[in-house]
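The letter at position 178 of the first sequence is residue 178 when you use our numbering, and the numbering goes up by one with no holes. Beta carbons: idealized from backbone N, C-alpha and C, even for Gly. Computed from a prediction, not measured in an experiment: that's the story for all the values here. What follows is a single structure, written as structure tokens, with notes after it.
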Amino acid sequence: MKNDFKNRIFALVDCNSFYVSCERVFNPELRNKPVVVLSNNDGCAVSISKEAKKLGIKVGTPIFKVKDLIRRYDIKILSSNYTLYADMSSRVMSTLFQFSPNIEIYSIDESFLLLNGIKEDLNKYAKKIKNKVYQYTGIPVSIGIGSTKTLAKVANRIAKKNDNHNGILSLYNKKDIDYYLKLVNIEDVWGIGRKYSKKLKSYGIETAYDLKNLSTYWAEKKLGGIVGRRIIMELNGTSCIDIEEINQPNKEILSSRSFGKPVKSLKELEEAISMHSTIATEKLRKQKIIANRVSVFISTDRFKENEPQYGNFATIKLPIPTSYTPEIIKYALILLKSIYKEGYKYKKAGIVLSELINENNYQLSLFHKSNRPLNLKLMKAVDRINNKYGSNFIFPASSGINKNWCMRRNFISSYYTTRWSEILKI
DNA sequence: TCTGGGGTCCTAGGACCC
DNA sequence: TCTGGGGTCCTAGGACCC
Numbered sequence: 001m002k003n004d005f006k007n008r009i010f011a012l013v014d015c016n017s018f019y020v021s022c023e024r025v026f027n028p029e030l031r032n033k034p035v036v037v038l039s040n041n042d043g044c045a046v047s048i049s050k051e052a053k054k055l056g057i058k059v060g061t062p063i064f065k066v067k068d069l070i071r072r073y074d075i076k077i078l079s080s081n082y083t084l085y086a087d088m089s090s091r092v093m094s095t096l097f098q099f100s101p102n103i104e105i106y107s108i109d110e111s112f113l114l115l116n117g118i119k120e121d122l123n124k125y126a127k128k129i130k131n132k133v134y135q136y137t138g139i140p141v142s143i144g145i146g147s148t149k150t151l152a153k154v155a156n157r158i159a160k161k162n163d164n165h166n167g168i169l170s171l172y173n174k175k176d177i178d179y180y181l182k183l184v185n186i187e188d189v190w191g192i193g194r195k196y197s198k199k200l201k202s203y204g205i206e207t208a209y210d211l212k213n214l215s216t217y218w219a220e221k222k223l224g225g226i227v228g229r230r231i232i233m234e235l236n237g238t239s240c241i242d243i244e245e246i247n248q249p250n251k252e253i254l255s256s257r258s259f260g261k262p263v264k265s266l267k268e269l270e271e272a273i274s275m276h277s278t279i280a281t282e283k284l285r286k287q288k289i290i291a292n293r294v295s296v297f298i299s300t301d302r303f304k305e306n307e308p309q310y311g312n313f314a315t316i317k318l319p320i321p322t323s324y325t326p327e328i329i330k331y332a333l334i335l336l337k338s339i340y341k342e343g344y345k346y347k348k349a350g351i352v353l354s355e356l357i358n359e360n361n362y363q364l365s366l367f368h369k370s371n372r373p374l375n376l377k378l379m380k381a382v383d384r385i386n387n388k389y390g391s392n393f394i395f396p397a398s399s400g401i402n403k404n405w406c407m408r409r410n411f412i413s414s415y416y417t418t419r420w421s422e423i424l425k426i
């Protein structure tokens, strides 16, 4: 069945206001109330309950811009607690595996399921999935079904937005599919972002239905080549994007963060870059890969228009690929020095590791001696200790002790599921 | 005071080679 | 000195996603 690429049944299961829903599982006081979860640094709204949406708060809204609303309607505000969300996510995903062997975990709150071979009515089956996930995890989901991923996405979108579908809509083999496509704005179609939707609207193309009827040739010309062509074909029911059950290894790994307050000194930037190097190399080792290239970037606050602006990026190919933290820190700090300029207020810094390869098939260098086996042992010990006693239990001194530049997280909830001391008491 | 962090894919164009 | 086609590799930048 799986090889029958032409005739696919995709379901997209998407958690409703995922971060808010996670918080509500453990804090019932948040239920039926307007709730917003903030991005890192308590900057933007990233997850918004239905009630808060009704009050006009949108994803990406900087929170300081809606202060009045928050006060007036007593909207509950929370910092994001990724440890909690990641744990809840894996609970949701493992529940989904009961319903299909072919699953692609697409993001922290979404999965594609192949439903080929399901004998019963698809709507009924979807309802079972929805109920089971809620029963096991307390997280509400919406489910969209279609013959392509793009159509499943569209169906999910409609199911989530319109109350009369109870969170489930199948467009599979639907006769009046065009009726539904007319309900969806182009900017809500998977793959159409801000720029493309503006361009399309200038040609009078407003809905998913309009998009579906474009010629693929035209789409290829106007929407980034093959990408545009695929969107049109998928809307017309030809599946071009297959389900990817096996996690592809990362092609690059990035760690960066805005600072809690402006940073001017090279020393503080060095601490931050050193910390990001530590985080990024931990991720490398977790995936058993090593990096060939290190890049570092810094930038001032682009929203402060009347302050002098500066940003730069430097990159280097390593003599030998590695995941050894001190080695990466060494190069990252050299790169940082090469782009640092005095007299600016920096807002953000980060590191990118790229040209990643499996740790077992690296090319030995003729000219550079390597202490690889020894280094690997040391890193393994560090990772083990941090796993056991909490991340950052030990860390390089170059990351700084006080971390004055650290991000804000003023409204954090408890680590209900991953820290014994914060487990819920009844 | 106050605007996230982590990714991918695709294309164009330059450098270089024969 | 200049001309020309055909090709590869690399990087920057744009667009998108959650």
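- Around Gln287, the same chain offers Pro249, Asn250 as residues with beta carbons nearer than 7 Å, after the five sequence neighbours per side are excluded.
- Listed in chain order, the non-local C-beta contacts of Ser79 below 7 Å within the same chain comprise Leu38, Asp42, Arg409, Asn410, Phe411, Ile412, local neighbours out to five positions each way being set aside.
- Under the Cβ criterion (8 Å, minimum of three pairs), the region 59-66 does not count as touching the region 83-99.
- When beta bridges are read from the DSSP output, Val141 appears opposite Cys15.
- Listed as beta-bridge partners of Lys348 by DSSP are Ser258, Ser299.
- Checking the DSSP bridge columns, you'll see Val37 partnered with Ser47, Leu78.
- Inter-segment contact for the region 15-24 and the region 133-152 is present: three or more beta-carbon pairs are separated by less than 8 Å.
- Within the DSSP secondary-structure output, Gly311 pairs in a beta bridge with Ser299.
- Residue state for Pro28 is assigned as helix, using DSSP reduced to three classes.
- Between Lys337 and the set Pro319, Leu353, Asn312, the nearest pair of CA atoms involves Asn312.
- In the three-state DSSP reduction, Lys124 falls in the helix class (H, G or I).
- For Glu342, the closest C-alpha among the options Ser215, Tyr415, Thr300 is that of Thr300.
- If one requires a minimum length of 3 residues, the beta strand (DSSP E) runs lying completely within the region 187-264 are 252-263, in chain order.
- Counting only the Cα atoms, Ser147 lies some 27 Å from Lys195.
- Non-local beta-carbon contacts of Glu355 in its own chain, meaning distances under 7 Å to residues more than five positions away in sequence, involve Ala291, Asn292, Arg293 in chain order.
- Taking a C-beta distance under 8 Å as the contact criterion, Leu84 and Cys44 do not qualify as a contact pair.
- The beta carbon of Ile339 sits closer than 6 Å to those of Asn312, Ala314, all from its chain and outside the five residues before and after it, given in chain order.
- With respect to the 8 Å criterion, Pro321 and Pro396 are not classified as neighbours on the basis of their beta carbons.
- Between the region 151-161 and the region 180-195 there are three or more inter-stretch CB-CB distances shorter than 8 Å, so the stretches are counted as touching.
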